[in-house]
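Numbering (the UniProt record's numbering), first residue to last: 1 to 212.
Okay, so here's the structure we're looking at.
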């Protein structure tokens, strides 16, 4: 892949930019827009997510979320991002790289959510297309994994379009909406990405330690 190489510094958070969107870690200043979008999208997201804590949309719950994110980032276990429209700075959804494994695995699990008013417009497709080269080109990983419910046709289509291959079927894989549910398992290797990714206008920035 021929990508715009990352610009790394010690005074900024990790950031992935495309021409139309950007991804960056959540901050406390995101609470209002995030809580509003999540509240508006509650019923839309309910079938695809774990049951929300009772105080999930409160400031206290958001602070607890940020503390967990910070711990996981420091330990190298995960990198959470919110997705924004580059033109308006409006929050559209979120994406998380979790369970980062180094050593002989060199892999990560991809998860994402989209606000109901922004779904079906290609925003998350753009985000996934940007985060895959980031995983391989910056984090130096070999493999990105994802799982989705068999009934989630839009997510299946998104993953396949992004270059993921269906690899298996896991029974009662995750506790979603209070029920252990089957999932389709997908994987994407660095060698799976098509040449079209070399033309993406990507740039990366952030603290050097966050990429090592």
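Note that beta-carbon positions come from the ideal geometry of N, C-alpha and C, so glycine has one too.
Note that this is a predicted model, so its numbers are computed, not measured.
If you keep only unbroken beta strand (DSSP E) runs of at least 3 residues inside the region 102-144, you get 107-114. If you draw a 10 Å sphere on the C-beta of residue 133, you find 16 or more other C-beta atoms in it, and that means buried. Just so you know, the alpha carbons of residue 164 and residue 25 end up roughly 24 Å apart.
If you draw a 10 Å sphere on the C-beta of residue 79, you find 16 or more other C-beta atoms in it, and that means buried.
By the beta-carbon neighbour count (other beta carbons within 10 angstroms, threshold 16), residue 169 is exposed. Put simply, the backbone Cα of residue 128 is about 26 Å away from that of residue 64. Beta bridge pairing from DSSP links residue 166 with 186.
In the three-state DSSP reduction, residue 149 falls in the coil class, being neither helix nor strand. Counting of Cβ neighbours within 10 angstroms places residue 75 among the exposed residues, the total staying below 16.
Residue pairing for residue 24: DSSP places it in a beta bridge opposite 82. When secondary structure is reduced to three states using DSSP, residue 43 falls in the helix class. Note on geometry: alpha-carbon atoms of residue 141 and residue 90 lie some 30 Å from one another.
Counting every other CB atom within 10 Å of its CB across the protein chains shown gives residue 155 a total of 16 or more, marking it as buried. With 16 or more other Cβ atoms from the protein chains shown falling within 10 Å of its own Cβ, residue 34 counts as buried. Pairwise C-beta distances place the region 175-182 in contact with the region 41-54, as three or more of them are shorter than 8 Å.
The beta carbon of residue 98 lies closer than 6 Å to those of 78, 109 in the same chain, with the five residues before and after it left out. For residue 68, the enclosing alpha helix (DSSP H) begins and ends at 59-75.
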